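Notes follow once the structure below has been shown.
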Amino acid sequence: MEYRSTRGGPPVTVEQAIMSGTAADGGLYVPSALPALSVADFAGCESFAEVAARFLQPFLAASSLEGPLAAICREALDFPIPVRPVESGLAVLELFHGPTAAFKDVGARFLAAAMSRILQGGRHGRPPVTILVATSGDTGGAVAAAFHGRPGLRVVVLFPEGRVSPRQQHQLTCWGGNVTSLAVRGEFDDCQRLVKAAFANAALARSHSLCSANSINVGRLLPQAAYYARTSLDHFRQTGQRTSFVIPTGNLGNAFACVWARHVGLPIDRIVLATNANTTVEDYLATGQWLPRPTVATLASAMDVGNPSNMERLRSLCGDDAARVREEVSAVAVSDDEIRATIQDEYRRSGSVICPHTATGFFAYRRLPAAERAHRHWVVVATAHAAKFDTIVEPLLGTTIEPPAELARLLRLPARFETIQPGLEELAAWLGDGTGHG
Ligand SMILES: *Cc1c(COP(=O)(O)O)cnc(C)c1O
Numbered sequence: 244m245e246y247r248s249t250r251g252g253p254p255v256t257v258e259q260a261i262m263s264g265t266a267a268d269g270g271l272y273v274p275s276a277l278p279a280l281s282v283a284d285f286a287g288c289e290s291f292a293e294v295a296a297r298f299l300q301p302f303l304a305a306s307s308l309e310g311p312l313a314a315i316c317r318e319a320l321d322f323p324i325p326v327r328p329v330e331s332g333l334a335v336l337e338l339f340h341g342p343t344a345a346f347k348d349v350g351a352r353f354l355a356a357a358m359s360r361i362l363q364g365g366r367h368g369r370p371p372v373t374i375l376v377a378t379s380g381d382t383g384g385a386v387a388a389a390f391h392g393r394p395g396l397r398v399v400v401l402f403p404e405g406r407v408s409p410r411q412q413h414q415l416t417c418w419g420g421n422v423t424s425l426a427v428r429g430e431f432d433d434c435q436r437l438v439k440a441a442f443a444n445a446a447l448a449r450s451h452s453l454c455s456a457n458s459i460n461v462g463r464l465l466p467q468a469a470y471y472a473r474t475s476l477d478h479f480r481q482t483g484q485r486t487s488f489v490i491p492t493g494n495l496g497n498a499f500a501c502v503w504a505r506h507v508g509l510p511i512d513r514i515v516l517a518t519n520a521n522t523t524v525e526d527y528l529a530t531g532q533w534l535p536r537p538t539v540a541t542l543a544s545a546m547d548v549g550n551p552s553n554m555e556r557l558r559s560l561c562g563d564d565a566a567r568v569r570e571e572v573s574a575v576a577v578s579d580d581e582i583r584a585t586i587q588d589e590y591r592r593s594g595s596v597i598c599p600h601t602a603t604g605f606f607a608y609r610r611l612p613a614a615e616r617a618h619r620h621w622v623v624v625a626t627a628h629a630a631k632f633d634t635i636v637e638p639l640l641g642t643t644i645e646p647p648a649e650l651a652r653l654l655r656l657p658a659r660f661e662t663i664q665p666g667l668e669e670l671a672a673w674l675g676d677g678t679g680h681g
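Numbered by this note's numbering, the letters in the sequence shown go through residues 244 to 681 in order.
Structure (C-alpha cells):
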C-alpha cells in the first residue's frame, strides 16, 4: 500500500509515513486508495488483536510491518476494550482501560511497537531516535508509557506548566529512563511552536533523528479504526444491524478513524461528532466555510482544538465538498454547563461515572431526534476514565472516584521534571545529551 499527502505529491511507503508523521508539503498522509473488506473477511477473527490485524493487513501490505503485524497487534492491543450496555439501544465503548486510562493508549502503543520494528536492524551504533512531543494532557502520557524502556528510542515531552490536570501531569513525569519531561513556561501553543521550531531546524532534527508521535501520524490513526471494526462486527454478527457511533472530538483523530472503517466496508451507520465549545467543525457543517479560530479553554480540555488538523483528511476524502462531508458526519457542540449537567444526569440515571469528554458524547446522544435513537443501535465512545479528571467530576457527583489499578500504580511513582523557557536554545541544550548537563 502506498501513501500520499492530502496535498498531492509523490507516494511514500507506510514506513516513511509513520517515521515522518507529517508530509513535507504540510499535508497529512492517507492511503493512495482505501482497501475494501467485507464482514466475511473477518471470519474466525474474535479477539480485538485478531480483528485489528485483519483490518490493518491491507493498509500495511507489502511493507516490512506486514509480517510482524499479528505480533504487533498482540503486543500493543493487549488491554480490554469492552462495550458496556447502558440501556435499550445504547452502549458505551470503553477505550480507557489502557496504561494511561485514555483512548490514546491504543494509537501510541501501536505506533511504538511499529516504530521499534521499523528501526530494528538499520540503527546499531547510531544515536537514539528522539520522539519529540508537545502535549495538552493525554497524548504525552500515552506516548511516554508506550515508548518507555524501548531500546534505540527516547521521548522528550513538552507540557505547559500549570495547565494540565494534576493526575495528567503525574502521568507525564513519572517515567525516568528514556523519557524526559519538560514543563514549558507558557501555553500549549508555545509547546507546539517549540516542537515545530525544532523540526524546522535541519541540524537539530538530523543530529537527534527527531521524530513526531502526534495524533496525525497514520501509525496512531490506523489502529483506532480497529475498535470501530470490532465493535460494529460484534453487533452485526449478533443482530444483522449496523452500529452508529457518537464520538467526542477535538482534533478528529479518533472520529476520522471511524470514517475510514466505514469506507473500508465495516457495518457502521451514522457517525456523530460531539465537540466542546470549540465549534469550528459544527460551524463548517452548518455554513460550508472552514474558519479555524483560536482555541477556547473548556472542561473537556483534551478536545480544546480550534483548528482540528484531521479535518484536512476528511475534506480531502470528500473532494473538499461540504455537502459530501455532511453525508459522512454530523456534529453537536456542547457547552461546559451542559457537560456538568450531563455528568450529573448520567450518574443519576444509571450510576455511570463519566469524564467531561465522554459527557459531550452522552449529551449529543440524548439530543438526537427520538426516531433516530429508536431505529438505530448507538454506541457512545468513552475516551477517558473519569478518575483522570477527578478534580472536575468528584465535586459534581459528591463522591470519590477510585483510579483504575494501572493509573493508581503510576500515581505512586515519584515524579520528576525540569522547567524551561519557551525558547529553542534551552530545548536544544536539553536535547544535547539528554540530561541537561552538557
Ligand atoms: C485526545 C482526546 C480526545 C480528542 O480526540 P481527537 O482524536 O483529538 O478528536 C477526546 N477525549 C480524550 C480524553 C482525549 O484524550
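Every residue, glycine too, gets a C-beta built ideally from N, C-alpha and C.
Remember, predicted model here, so these are calculated numbers, not experimental data.
With 16 other CB atoms within 10 Å as the buried threshold, where does residue i fall?
i, result
"Q532", "exposed"
"A260", "buried"
"T662", "exposed"
"D580", "exposed"
"D563", "exposed"
"L312", "buried"
"L670", "buried"
"G287", "exposed"
"P537", "exposed"
"T601", "buried"
"G483", "exposed"
"V548", "buried"
"Q414", "buried"
"P342", "buried"
"Q467", "buried"
"V349", "buried"
"A613", "exposed"
"H680", "With a pLDDT of 40 at H680, under the threshold of 50, the modelled position of this residue cannot be trusted, and the question is left open."
"G405", "exposed"
Would you identify the three-state DSSP class for residue i, choosing helix, strand or coil?
i, result
"T603", "helix"
"I582", "helix"
"F346", "coil"
"S248", "strand"
"I361", "helix"
"H620", "strand"
"E430", "coil"
"P646", "coil"
"H680", "Residue placement at H680 is flagged as unreliable, the pLDDT there being 40, under the threshold of 50; the coordinate-derived value follows with that caveat. Residue state, collapsed to three classes: coil."
"F402", "strand"
"C417", "coil"
"C288", "coil"
Are the CB atoms of residue j and residue i within a distance shorter than 9 Å?
i, j, result
"A500", "N519", "no"
"T522", "P535", "no"
"V326", "E337", "yes"
"T249", "E570", "no"
"V407", "V376", "no"
"R463", "F488", "no"
"L401", "G420", "no"
"A658", "T416", "yes"
"S458", "L516", "no"
"S306", "T256", "yes"
"I582", "T642", "no"
"I597", "A566", "no"
"F291", "A469", "yes"
"K347", "D321", "no"
"H478", "H620", "yes"
"L674", "A443", "no"
Give me the Cβ distance between residue i and residue j, rounded to the nearest whole Å; I'm assuming they're in contact under 8 Å.
i, j, result
"P254", "S275", "6 Å"
"L557", "L495", "7 Å"
"R393", "S359", "5 Å"
"E525", "A576", "5 Å"
"E318", "A345", "Not a contact, Cβ separation roughly 19 Å."
"P665", "R428", "6 Å"
"A630", "L650", "6 Å"
"Y272", "V461", "5 Å"
"I361", "E258", "5 Å"
Measuring CA to CA, which of the options is closest to residue i?
i, options, result
"R480", "V282, G251 and D579", "V282"
"R609", "L653, D284, I586 and E649", "I586"
"A267", "F353, H451, S455 and V623", "S455"
"I315", "A295, L333 and A304", "A295"
"A387", "S452, Q411 and P491", "Q411"
"T530", "T541, V568 and L516", "V568"
"V622", "H391, A351 and A472", "A472"
"A426", "A351, H618 and F660", "F660"
"F390", "T378, Y527, L354 and T486", "L354"
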